[in-house]
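Undergrad:
In the numbering used here, the protein residues as written are 1 to 128.
Pasting the structure below:
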């Protein structure tokens, strides 16, 4: 994230209020233990969750999003919870700049779905 923001290690040291040697060790994965104060400072500085910094979540800024606010069906929640759908791929698709256009064009989505169903029905016996 430091590099994405175009910061040098010295600039991060100054702006985040952590020592250069500690930050250098964190980036090089040469640390045995990172203190909670450093995690909190870095999370606040970058505007991300501590879980994101620790690699426990891919969600940068919404750690406690209410599932009900997402308006997902029970079936969709089950698919995601049971890892039947690659959530990383789903996130990539949803974040794509043309995703909203695709979903907004309901007739296109319905036509593609119908074609896929027809293709599945055409699979010769014994090849499914």
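For glycine and all other residues, C-beta sits at the position ideal for the given N, C-alpha and C.
Quick one: is residue 23 buried, meaning 16 or more other Cβ sit within 10 Å of its Cβ, or exposed?
TA: Residue 23 comes out buried.
Undergrad: Span of the alpha helix (DSSP H) holding residue 15?
TA: 9-16 is the span of the alpha helix (DSSP H), which, as asked, contains residue 15.
Undergrad: Consult DSSP for residue 84 and reduce its assignment to one of helix, strand or coil.
TA: Correct three-state label for residue 84: coil.
Undergrad: Considering only C-alpha positions, which residue in the set 19, 28, 27 is nearest to residue 37?
TA: Nearest of 19, 28, 27 to residue 37, Cα basis: 19.
Undergrad: Apart from the five residues just before and just after residue 2, which ones in its own chain have a Cβ nearer than 6 Å to its Cβ?
TA: Excluding residues within five positions, the ones whose Cβ falls inside 6 Å are 12.
Undergrad: With C-beta atoms as the reference, is residue 56 less than 8 Å away from residue 42?
TA: Cβ atoms of residue 56 and residue 42: not closer than 8 Å.
Undergrad: Using the three-state DSSP reduction, which class does residue 48 fall into: helix, strand or coil?
TA: Coil at residue 48, not helix or strand.
Undergrad: Tell me the rounded alpha-carbon separation between residue 90 and residue 96.
TA: Approximately 10 Å between the Cα atoms of the pair.
Undergrad: Taking Cβ to Cβ, would you say residue 39 is nearer than 8 Å to residue 50?
TA: For residue 39 and residue 50, yes; Cβs fall inside 8 Å.
Undergrad: Assuming residue 25 is part of the alpha helix (DSSP H), what are its boundary residues?
TA: Looking at the DSSP string, the run of the alpha helix (DSSP H) that includes residue 25 is 20-27.
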